[in-house]
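The sequence shown runs 15 to 204 under my numbering.
C-beta: ideal position from N, C-alpha, C; glycine also.
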Amino acid sequence: MNSGNHAPSKSGGFGRACVEFLVIVALIVGCAYLLRTYVITPYEVPSGSMETTIMSDDRIFSEKISYYSRDVQVGDIVTFDDPEVDGRTLVKRVVATGGQTVDLVDGVVYVDGEAAFEPYTNGQQSYPLSTAADVTVEYPYTVPEGYIWVMGDNRGNSADSRYFGAVPVSSVTGHVCFIYWPFQHFGPIS
């Protein structure tokens with residue numbers, strides 16, 4: 015009887031390698047799922063409603079971590095569930111939060127009676143829009159608690175809260191933080 019070391023059989027080595035490979039793939043898929051669900055999600059922007067801050071066809075990251083420790087704030091660019099189309103995500107800037115009053119006067123946005131400082135609109139005027147069916151928006155409009163008022167930076171080409179009304183904070187899926195493609199737009203978003 016030989017008590018020396020035995021080389022593993024080829025079939026046992028192959029089976030073990032297959033199991034190890036499957037475990038590694040499962041871990042990678044699990045980590046990717048957790049990252050996308052709880053940390054950061056990539057999106058492609060299909061429209062020009064946020065130009066020139068975010069251009070049509072830019073690819074962005076929307077992070078979720080900051081909203082675990084703070085509320086959505088005025089000025090944040092957020093991703094949220096489209097109130098009209100299930101499964102579609104929109105990108106807009108938060109102009110007012112619950113309890114604040116929004117008014118549009120002569121093309122200028124007023125929040126709580128003061129003209130909003132909005133350099134990102136490049137001087138575009140902000141006028142009321144015809145609203146979606148079953149939506150009523152009368153100015154001045156007080157944003158309900160638990161909701162936000164969002165508008166695209168490209169005010170002349172954005173269906174936003176002027177169209178679909180205030181958006182529930184619960185529909186916010188993240189805070190847009192970075193453009194990762196195309197490379198000439200690469201960088202953080204403010």
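So if DSSP puts residue i in a beta bridge, which residue, or which two residues, is it bridged to?
i	result
S142	A small correction: the amino acid at residue 142 is Pro; Ser does not occupy that position in the sequence shown. BP columns for P142 are empty, so no partner.
R107	I91 and M165
Y57	I74
D117	Y124
F35	None; F35 has no bridge partner.
A147	Paired residues: none, contrary to the question.
G101	For G101, which the question treats as bridged, DSSP gives no partner whatsoever.
P182	Y161
Could you tell me the distance, in whole angstroms, from the CA atom of residue i to the CA atom of residue j?
i	j	result
F200	M69	12 Å
L104	V86	16 Å
Q198	Y155	39 Å
G127	V88	15 Å
F75	Y57	6 Å
P158	R30	59 Å
V92	P133	18 Å
W163	P196	29 Å
F191	R50	Sequence check: residue 191 is Cys here, not Phe. Cα to Cα, the separation comes out at about 14 Å.
M165	E34	50 Å
V37	Y47	15 Å
Assuming residue i contacts residue j (C-beta within less than 8 Å), just tell me the rounded distance between them.
i	j	result
I193	R73	7 Å
H189	S80	5 Å
V108	E77	No, V108 and E77 are not in contact; Cβ-Cβ is about 15 Å, not under 8 Å.
V186	Y161	The Cβ separation is near 10 Å, so there is no contact.
G121	Y141	6 Å
Q114	V125	6 Å
G112	V151	About 16 Å separates the two Cβ atoms, so there is no contact after all.
Should residue i go down as buried or exposed, given a rule of 16 or more other Cβ atoms within 10 Å for buried?
i	result
V116	buried
N168	buried
R90	Rather than Arg, the amino acid found at residue 90 in this sequence is Asp. That one is buried.
G44	exposed
D148	exposed
G27	exposed
L118	buried
D174	buried
A40	exposed
Take residue i and list the residues in its own chain whose beta-carbon comes closer than 7 Å to its own, dropping the five residues that flank it on each side.
i	result
Y177	L143, T145 and A146
E98	A146 and F178
Could you pull out every residue in the same chain whose Cβ sits closer than 6 Å to the Cβ of residue i, ignoring the five residues on either side in sequence?
i	result
P60	none
D95	S185
Less than 8 Å between C-beta atoms, sequence neighbours within five positions excluded: which residues of the same chain meet that for residue i?
i	result
E65	D167, N168 and N171
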